[in-house]
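Protein sequences, first through last, are from chains P, L and Z. For what it's worth, my numbering labels the leading residue of the first sequence as 39, then goes sequentially. For what it's worth, my numbering labels the leading residue of the second sequence as 3, then goes sequentially. For what it's worth, my numbering labels the leading residue of the third sequence as 6, then goes sequentially. Below: the structure, in structure tokens.
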Amino acid sequence: MLSNPDLRTVVPHDLPPMLPQIYQVQRVIRETHDTFTLELLPSTRSHHFPFAPGQFNMLYIFGVGEVPISISGDPSKSKLLVHTTRAVGSVTNAMYRLKKGDTIGIRGPYGSSWPIGKAIGNDVVLVAGGIGLAPLRPAVYQLLSRREKFGKIVILYGTRTPADILYRRELEQWRSRFDLEVYITVDRAMSGWRGSVGVVTMLIPKAPFDPSTATALVCGPEIMMRYAVTELQKRGVKTEDIYVSLERNMKCGIGLCGHCQYGPVFICRDGAVFSYSDIKHLFPRREL
Amino acid sequence: MVILERSHLQQFLSAIQKRSYRIIGPTQRGTAIVLDEISSADDLPAGWGDEQRPASYRLRRNDDKRLFGHAAGPESWKKFLFPPSLNLFSGRRAGKSFEVISPQNGRNTGAADEKIVPLAFFGMRACDLQALRIHDAVFMNCAYPDPYYRSRRERLLIVAVTCSSAGGTCFCDSMGSGPAAGEGYDLALTEILRGDEHYFLVETGSPRGAEILKGVPVKAAGKAEEEEKNRLVQGVRKSMGRSLDTRGLREMLDLCFEDSQWDDVAKRCLACANCTMVCPTCFCSTVEDVTDLTGAQAERVRKWDSCFTQEFTYIHGGSVRPSIRSRYRQWLTHKLAHWVDQFGTSGCVGCGRCITWCPAGIDITEEAGVLRRHAALDPRYRKETEPHGKP
Amino acid sequence: MENLEGIIRDHQFLKGLDQNTISLVAGCAANVRFDPNQLLFREGEEANAFYIIRQGKIAVEVYGAERGPIIIDTLGEGDILGWSWLIPPFHWHFDARAVDLTRAIALDGRCLRTKCESDHNLGYELLKRFAQVMEDRLQATRIRLLDLYAVKS
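Here you go:
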């Protein structure tokens, strides 16, 4: 149903679909009190690992379990696999305890990707909430690597408090560029915080982009995405130019286990990145 | 079309076995007809029939010696290609790292095992054959085919059987899947028993099927036999225990997303998952990762799962479908509507197993009927459902 | 004065007012400027103005003895600060502090209240616009109540 070619830029690979490939932890970066980034390299064969921004991997901790996590590294450095996640369950908590030299299993990459190619020639606005910045980071890398091909690039990022800001140093670097607009807002802050306070959707009406041609990439908690989409539409962004990334329980990542069904679509197979116009009829449905 | 005498059936089975197939077929065990290995024609359930109603299944003695005088039993063929429990891989700690060992060939390649004993599904009904084709779409005709399924499916021999009577919960005619197998078989049998005459009409569906028939004593069938089969099929069509109106089903169910009937069925449904276990097309699974006590050995096991469990949709924080209302809705709309979007066909073949084996006797055809009556009150109904034919 | 009237006429917040009403509003307006860290007003003080922010950034704060000043909202170019001047007993509920150098048009609350009482058309036009500001703030507050980005437990 949803074989939107804009979201399919990487052909399926021929690795055994049920078997994890072994990767070694090169570095663990503590991002905030409960989020961290893993940098991984293949432990044996140095097989090429092309992925597109927005795609995810299934990460396996020996004997503990497997979870889907979006790739948050640079697509042009596809040998180094980078994942940022939050320690919330048994598998991600086990990941949080990994150290350099430890191993992890990887299946992937799977799923659809952000439609970077489609945005060429136009403005791009990225709206991220909380950990939702992680799946968007590869898109930022790709946009910046071909910076001259796009109009304005605007990042709107909302998070809980200043201490919860992901990729702080990188955001500072991006903010200092003249060809990239970065706006950060938090839900609450102490005096001394020089950024904005308020919901991320509040940044949309005044952000500097041309709504009539802009492509919007939205990633964050589902409620936030709903309000973000509403604000984007109010601003005049066309429904078919809005893209969202959805999350559901996934066991297999390849459309076989049935867990991530969202009405007529499988989040793993048809998403996780969707054109909003393809799923807008499903968005308001409860317990779908 | 050729004629195979009942007395020559054993030779036919031997011809299959000689080509090193392991034959799976219906056999009577305890109080049910199950699917298991068939070593000779004597294992087939001669003279057995069944009575099926919502929440009820009883074997009974037929007044004849037909081998296929029964309807679909509690089991479906899916368990042979999609086992209820399957080791996906084993893992072994090796220093700081670990190894992944595929159970299929001991190496981490995922390639198909060469030593698989090919299976012959003997006596597969048209509904179950349609279910198999549906599973082909799910497990094989996708970006990442299931290697276990594919390696067995590619070697599979299918001997279909035309139903000679309809079960009390059958509605394959509505779903367009039976009672006669249309395609996808290697050989198809139609059992004819009239007076002293007891024979099978055999149709060939593939070169593999034709090859097996070589050396089996058959004689040519004529127009009369063909008509005999058509009469039989027409009779079965007329005696379907249930029916389901499939016109514009997708659009109709879309209108019913917040219908009160879901609340009604939620009061009766126990969320026991029986319907999903007996359904020949339900394919949901989960995985369990386990280790031994030392933590040095690990295994990943894939198990059948059901959308009726609370955990099925769990994401950190809670379930997406906490209510039985939404879980039954997911199951029914997936089967009858969303399947079409996902795989191009309905996910229901009309075998009736979910009706028979539901302890509360919930009947998918009845629920769909009530939903349609409710949808018909919606002003958008006619416009959206009329122009479409069968999905 | 001429210049101020022009700004008021063209501003998004007051767009659509007739010339007479614009003149009434402009009669209560003044240009103001706040240095970084300068307080515009303090919680509990009499509320006698609202501000059309033309440039810069304002933090709306609440002070907690054990926590110090907590920012609950920030406002920037084009935003409207303050509605307590409109609602009895006309006291500020929060502190407002300039984060950056901020330029704004201050509208005298007492002056406007008097004009609104005698000219209900002006009163209605202003109330309509403030209802929109309040609605936006309430919506934003409600969404923040959800604690969207927190880990669900």
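Built from N, CA and C at the ideal position, the CB exists for glycine as well.
Residue burial classification, residue i (beta-carbon count within 10 angstroms, cutoff 16)
i, result
"residue 384 of chain L", "exposed"
"residue 29 of chain L", "buried"
"residue 104 of chain L", "buried"
"residue 337 of chain L", "buried"
"residue 129 of chain Z", "exposed"
"residue 216 of chain P", "exposed"
"residue 382 of chain L", "exposed"
"residue 161 of chain L", "buried"
"residue 61 of chain P", "buried"
"residue 42 of chain L", "exposed"
"residue 117 of chain L", "exposed"
"residue 98 of chain Z", "exposed"
"residue 145 of chain L", "exposed"
"residue 225 of chain L", "exposed"
"residue 1 of chain L", "As shown, chain L starts at 3 and ends at 393. That puts residue 1 of chain L outside it, with no answer to give."
"residue 207 of chain P", "exposed"
"residue 67 of chain P", "exposed"
"residue 322 of chain P", "exposed"
"residue 291 of chain P", "buried"
"residue 137 of chain Z", "exposed"
"residue 95 of chain P", "buried"
"residue 300 of chain P", "buried"
For residue i, the first and last residue of its enclosing beta strand (DSSP E)
i, result
"residue 100 of chain L", "99-103"
"residue 122 of chain L", "121-126"
"residue 282 of chain P", "280-283"
"residue 146 of chain Z", "It is not in any beta strand (DSSP E) - residue 146 of chain Z instead sits in the alpha helix (DSSP H) that spans 125-150."
"residue 3 of chain Z", "Residue 3 of chain Z falls outside the range modelled here, since chain Z spans only 6 to 158, and no answer is possible."
"residue 257 of chain P", "253-257"
"residue 125 of chain P", "Residue 125 of chain P -> no beta strand (DSSP E), and no H or E assigned at all."
"residue 299 of chain L", "299-306"
"residue 93 of chain L", "87-96"
"residue 192 of chain P", "191-197"
"residue 45 of chain P", "Per DSSP, residue 45 of chain P belongs to no beta strand (DSSP E) and is neither H nor E."
Identity of the residues DSSP links to residue i by a beta bridge
i, result
"residue 60 of chain L", "L:53"
"residue 103 of chain P", "P:99"
"residue 228 of chain P", "Z:75"
"residue 117 of chain P", "According to DSSP, residue 117 of chain P bridges with nothing at all."
"residue 37 of chain L", "L:28"
"residue 60 of chain Z", "Z:108"
"residue 143 of chain P", "P:60, P:98"
"residue 299 of chain P", "P:304"
"residue 80 of chain P", "P:61"
"residue 7 of chain L", "L:201"
"residue 222 of chain L", "L:4"
"residue 72 of chain P", "In the DSSP output, where bridge partners are listed per residue, residue 72 of chain P has none listed."
Whole-angstrom C-beta distance between residue j and residue i, which should lie under 8 Å
i, j, result
"residue 62 of chain Z", "residue 81 of chain Z", "5 Å"
"residue 77 of chain Z", "residue 109 of chain Z", "That pair is no contact at about 19 Å."
"residue 314 of chain L", "residue 71 of chain P", "Incorrect: roughly 31 Å between the Cβ atoms, too far for contact."
"residue 221 of chain P", "residue 245 of chain P", "7 Å"
"residue 61 of chain L", "residue 48 of chain L", "Between residue 48 of chain L and residue 61 of chain L the Cβ distance is about 13 Å, and since that is not below 8 Å, they are no contact."
"residue 310 of chain P", "residue 284 of chain P", "6 Å"
Limits of the alpha helix (DSSP H) - the one that residue i falls within
i, result
"residue 269 of chain P", "260-273"
"residue 68 of chain P", "Looking at the DSSP string, residue 68 of chain P is not in any alpha helix (DSSP H); the run it does join, the beta strand (DSSP E), is 59-68."
"residue 252 of chain L", "251-257"
"residue 315 of chain P", "314-317"
"residue 287 of chain L", "Unbroken run through residue 287 of chain L is the beta strand (DSSP E), 287-293; no alpha helix (DSSP H)."
"residue 174 of chain P", "171-183"
Chain-ordered chain C contacts of residue i [CB-CB under 8 Å]
i, result
"residue 59 of chain Z", "Among the protein chains of the structure shown, namely P, L and Z, there is no chain C."
Can at least three beta-carbon pairs, one atom from the region 311-325 of chain P and one from the region 209-221 of chain L, be found at a separation below 8 Å? no
Specify whether the region 87-96 of chain Z and the region 148-156 of chain Z touch according to this definition: at least 3 beta carbon pairs, one from each stretch, less than 8 Å apart. no
Contact between the region 101-115 of chain Z and the region 36-45 of chain Z is defined here as three or more beta-carbon pairs at a separation below 8 Å; is this criterion met? yes
Decide if the region 344-355 of chain L is in contact with the region 228-236 of chain L; the criterion is three or more beta carbon pairs, one per stretch, under 8 Å apart. no
Three or more C-beta pairs below 8 Å linking the region 243-258 of chain L and the region 271-283 of chain L: no
When you compare the region 122-137 of chain L with the region 283-300 of chain L, are there three or more beta-carbon pairs, one atom per stretch, that lie closer than 8 Å? yes
Is the region 124-136 of chain P touching the region 275-290 of chain P in the sense that three or more CB pairs, one from each, lie closer than 8 Å? no
Taking 8 Å as the cut-off, does the region 113-122 of chain P touch the region 74-82 of chain L (at least 3 CB pairs, one atom from each stretch)? no
Check whether the region 292-302 of chain L touches the region 92-101 of chain L, taking contact to mean three or more Cβ pairs, one atom from each stretch, closer than 8 Å. yes
With three or more C-beta pairs closer than 8 Å as the rule, is the region 236-251 of chain P touching the region 191-200 of chain P? yes
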